[in-house]
Amino acid sequence: MQFDVVVIGGGLAGLSCAIRLAESGKRCAVVSSGQSALYFSSGSLDLLAQLPDGTAVSSPLAALPVLQQQAPQHPYSLLGATQVATLAREAEELLQRCGVAMQGSCEWNHLRVTPLGTRRATWLSPQAIPVSAWGGNLPWQHIAVLGIEGFLDFQPQMAASSLIEEQKVIAEAAFLHLPLLDRLRNNPSEFRAANIARVLDLPEHLAALAEEVKRQAGEAEAIFLPACLGLESDQPLLALRQAVGRPVFLLPTLPPSVLGMRLYQALRQRLQQLGGVFMPGDTVLRASIDQQRISGLYTRNHTDIPLRAQQVVLASGSFFSNGLVADLAGIREPVFGLDVFSKAERADWSHPDFFAAQPYLQFGVKTDANLRALKQGEAITNLYAIGAVAGGYDPLQQGCGAGVSLIGALHVAQQIIEGHNVK
Ligand SMILES: Cc1cc2nc3c(=O)[nH]c(=O)nc-3n(C[C@H](O)[C@H](O)[C@H](O)COP(=O)(O)OP(=O)(O)OC[C@H]3O[C@@H](n4cnc5c(N)ncnc54)[C@H](O)[C@@H]3O)c2cc1C
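Below, the structure is given as C-alpha cells:
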C-alpha cells in the first residue's frame, strides 16, 4: 500500500499533522493502535504554563526567548520563537476548521477551573469549561457545584471547598438525583462519564435534567456540573443552559473524558472527510531502513505487506501510549530504535518527591531542528518525531503538552508540503 505520508499514532499530534497534510492534497494514512491521551485529558490544551525554573507564564509567546535559554532542547527552542508563534495561531485556525469551538488565545494564558476547584493556566479550553482571565476573578459570587448521585469520578464537595477557600466565593455542593440513570447505576463499571453523557444527551431527558439542576442549584448564579454531557457537541449543554436560565458549565471528570473524546472525534472526522485513511487497532511493529530512509512499515494486521510512503511521521505518544518503553535495558523507542533522551541510572529516572518535576517526563526521541528523528546520531531523512514521543520537555511541569503536539505537527506538515526533504 502506497501513501504520500504514513503517520504512526492517532492522537492529537498525529491527527492534526495528517489533517494539515490532507488539506494540502497529500494522500495520508494514520495507523493507530489504541486510545490516545485525549481520552484521559482535561479537554483544555496547554501551550506553556510554567518555565523550567518554576516561573508562571502569563504570555506563552513572550516567554519563548527565556525558555530557549533555560531549555535549549525543548521542541519550541529547536523551532524558534517566530515559528512557534506562527504555528500556534495556525493551530487555533486548524481547530476551528475541525469545528472545535475553543476559548483562549496564544497571546495570553487564561485560568480554567479544575475538577478540584483550583485554577490552572492553559491556552485553549472548550467553551463548556468555566474560566477567568489571567489575574482576574471568576465572574460569579455564588456557585452551585453539583455531582451525580452514585458517580464517583467527580467530587463536588472537594471542588466547592477549594472555590470557597481560593476564590472567596459562596460555593455549595449537592448531588443530582436522576432516576433516568438507574439502568446504568446497576453496574458500577458502566457508571462512567461517557455512558452517562449518552443518556443525558438525549433530547427527551432535557426537561427532567433541567428540573433537577434547578432544584439542587437553589439561588446560585452559576452552576458547575461534571462533564457528563455533550459527547458529540455543545448542543445538549446549550439546551440545558436555556432550560435552566442560568450559566451552566462543565468540569472535567476522571477518564474517560467526554471533553477529550469530543476533540478526538472532531479531528478524526475532519481527517476522514478530507479523504485521509484511518487504521484504528493496527500497530506498526517494525520498519525497513535503507540508506537512512524508511522504505517500508510492517504492521500487526498487514503482516508482511508493507505500508510504503515518501514520508513517515512518528506520533506514537510517550510511555502512556507505548510510544516509549522502559525495560531492564533502559528506555527505548520500540519501532525504529531511535536515539532517546534518558538517564543511564534507573535511580535517576524519577525524583523521590512525588510533586517534584520527574526526570522521566523529559525522556523521548531526539530530533534535529526540523524534528527529523535521529538514529545513531544521524537524521533519518524521511522520518519525523512529534508530540509526546519526542523528548527534551516536561509536559506536566511546563504545561505544554498539547502545544508541543500541535506545533510540532504543523511544522512537520509544512516541511513535507514544501518538500524540504523529499528525495
Ligand atoms: C493522562 C494524560 C492526560 C493529559 N492531559 C493533558 C491535558 O489536559 N492538556 C494538555 O495540554 N496535555 C495533556 N497531556 C499531555 C499529552 O501528552 C499531549 O497533550 C498530547 O495529547 C499527546 O498527543 P500525542 O498524539 O503525541 O500522543 P498520544 O495521545 O499518546 O497518542 C499516541 C497514539 O499512538 C498510538 N501508538 C503508539 N504506538 C503505536 C504503534 N507502534 N503503531 C500504531 N499506533 C501506535 C497510541 O495507541 C496512541 O493512540 C496529557 C497526557 C496524559 C498522558
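The opening residue of the sequence shown carries number 2 in the numbering used here; numbering runs sequentially from there. Virtual Cβ for every residue (Gly too), placed ideally from N, Cα, C.
For residue i versus residue j, is the C-beta distance shorter than 8 Å?
i      : j      : result
Leu164 : Val170 : yes
Thr119 : Asp47  : no
Ala129 : Ala267 : no
Ala23  : Leu275 : yes
Ser33  : Pro307 : no
Ser106 : Ala410 : no
Ala145 : Ala194 : no
Ala82  : His111 : no
Leu315 : Ala218 : no
Thr254 : Asp154 : yes
Ile387 : Ile290 : no
Leu362 : Asp395 : yes
Ile408 : Leu80  : yes
Ala426 : Val336 : Because the chain spans 2 through 424 in this model, residue 426 falls outside it and cannot be assessed.
If I follow the unbroken alpha helix (DSSP H) through residue i, where does it start and stop?
i      : result
Arg242 : 236–245
Cys18  : 13–24
Gly402 : 402–418
Lys27  : Looking at the DSSP string, Lys27 is not in any alpha helix (DSSP H), and its letter there is neither H nor E.
Leu207 : 207–218
Can you tell me whether residue i is buried or exposed? The criterion is at least 16 other CB atoms within 10 Å of its CB, across all chains shown.
i      : result
Ser42  : buried
Thr300 : buried
Arg216 : exposed
Val423 : At Val423 the pLDDT is 40, less than 50, meaning the model places this residue with poor confidence; the figure from the coordinates comes in the next sentence. Result: exposed.
Glu334 : buried
Ala370 : exposed
Gly404 : buried
Ser406 : buried
Gly15  : buried
His75  : buried
Ala223 : buried
Gln399 : buried
Asn187 : exposed
Phe321 : exposed
Gly277 : buried
Leu329 : exposed
His412 : buried
Taking the beta strand (DSSP E) that residue i belongs to, which residues open and close that run?
i      : result
Glu379 : 379–386
Arg373 : 373–376
Ala327 : 326–328
Val390 : No beta strand (DSSP E) contains Val390, which DSSP labels as neither H nor E.
Val249 : 249–252
Ile306 : Where Ile306 is concerned, there is no enclosing beta strand (DSSP E), given that its DSSP letter is neither H nor E.
Gly10  : Per DSSP, Gly10 belongs to no beta strand (DSSP E) and is neither H nor E.
Pro227 : 223–227
Could you check whether the Cβ of residue i sits closer than 8 Å to any Cβ belonging to chain B?
i      : result
Leu112 : The structure shown contains no chain B; it is built from a single protein chain.
Going along the chain, which unbroken runs of the beta strand (DSSP E) with 3 or more residues stay wholly within the segment 135–202?
143–149, 171–177
As an exercise, report each continuous beta strand (DSSP E) stretch of at least 3 residues that is fully enclosed by the segment 258–299, in chain order.
Every beta strand (DSSP E) of 3 residues or more that sits fully in the segment 258–299 is shown, in chain order, as 278–281, 285–291.
Fully enclosed by the segment 54–131, which beta strand (DSSP E) runs are 3 residues long or longer?
111–114, 120–123
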